[in-house]
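Below: the structure, in structure tokens.
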Amino acid sequence: MNIIESLKWRAAVRNFDSSKKVSTENVNALVEAGNLTATSMGLQPFKIIVLHNEEIQKELIPYSYNQKQVGEASHVLIFAIETNVNQQTIDNYLERHIEVRNVEASSLENYKNSMSNYLSMMDEETKKTWATKQAYIALGTVMTAAADLKIDSCAMEGFDPEKYQEMLGLKEENLLPVVVLPIGYRSEEEMMAGLPKVRKALENFVIEKN
Ligand SMILES: Cc1cc2nc3c(=O)[nH]c(=O)nc-3n(C[C@H](O)[C@H](O)[C@H](O)COP(=O)(O)O)c2cc1C
7 MNIIESLKWR AAVRNFDSSK KVSTENVNAL VEAGNLTATS MGLQPFKIIV LHNEEIQKEL
67 IPYSYNQKQV GEASHVLIFA IETNVNQQTI DNYLERHIEV RNVEASSLEN YKNSMSNYLS
127 MMDEETKKTW ATKQAYIALG TVMTAAADLK IDSCAMEGFD PEKYQEMLGL KEENLLPVVV
187 LPIGYRSEEE MMAGLPKVRK ALENFVIEKN
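Residue numbers (my numbering): 7 to 216.
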């Protein structure tokens, strides 16, 4: 299937068949797709937590506005921003850059300074917004990769980030969930629904300037 066909097939699935599980190979592919996402300055100020525990998933339902897809999905991918982005984040990135590309630290001095300047201009709230934007780019990439693999998903902002943080012990790791993505396979009932997509007509979506 081409990418447009896959994207037409994709839908926000609220009814998962909990007996069908996503293979480890496919979960790993989705995580890798998230890791390959472009981010501002390449800093990747977020992580993906892979939750695959029926008991905990069910416990999270009340903290997800009672949306049961969290409990019924095969896995729940939790996109969590780093709440302690600072000079160390830049230093870690540069260390990795030097290792992967085998370059001298001195060749990255200008890059280091511009990254430090950029971060130093942001207050904590701005940094949170910036990190959240990066996590959402990864969300889109992972959802598209999932559609390509015929894996269902449902992006969700309807949850209590602090409760998730508490239940998954994320605060200690300086992580704050911003969006979650239950993944799995749609139930028979959902397959039957097969409703057409509601989208703007393309002519009302695109503006051409020639
Ligand atoms: C960032 C984001 C957050 C969303 N949050 C929820 C949610 O909490 N619960 C839910 O059922 N659907 C949620 N959705 C799904 C949207 O309602 C759905 O994508 C939209 O209605 C378009 O339908 P489609 O994805 O089936 O084409 C969310 C989607 C996005 C992209």
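Glycine included, C-beta positions come from ideal geometry on N, C-alpha and C.
Linking Leu42 to Lys134 through their CA atoms gives a straight-line distance of about 21 angstroms.
Fewer than three beta-carbon pairs drawn from the segment 102-114 and the segment 8-28 are found closer than 8 angstroms, and the two stretches are therefore not classed as touching. Counting only runs of 3+ residues, the beta strand (DSSP E) found wholly inside the segment 76-125 occupies 81-88, in chain order. Taking 9 angstroms as the cut-off, the beta carbon of Ala161 is found closer than this to the beta carbon of Val186. Residue His81 holds the alpha-carbon nearest to the alpha-carbon of Val33 among Ser120, Leu114, Tyr69, His81. In this model, Glu115 and Gln93 are separated by some 14 angstroms (Cα to Cα).
DSSP places Ile54 inside the beta strand (DSSP E), whose first and last residues are 52-57. Proximity of the beta carbon of Val204 to ligand 1 is indicated: a heavy atom of the ligand is located closer than 8 angstroms.
Approximately 5 angstroms separates the beta-carbon atoms of Met47 and Met121; this is inside 8 angstroms, confirming the contact.
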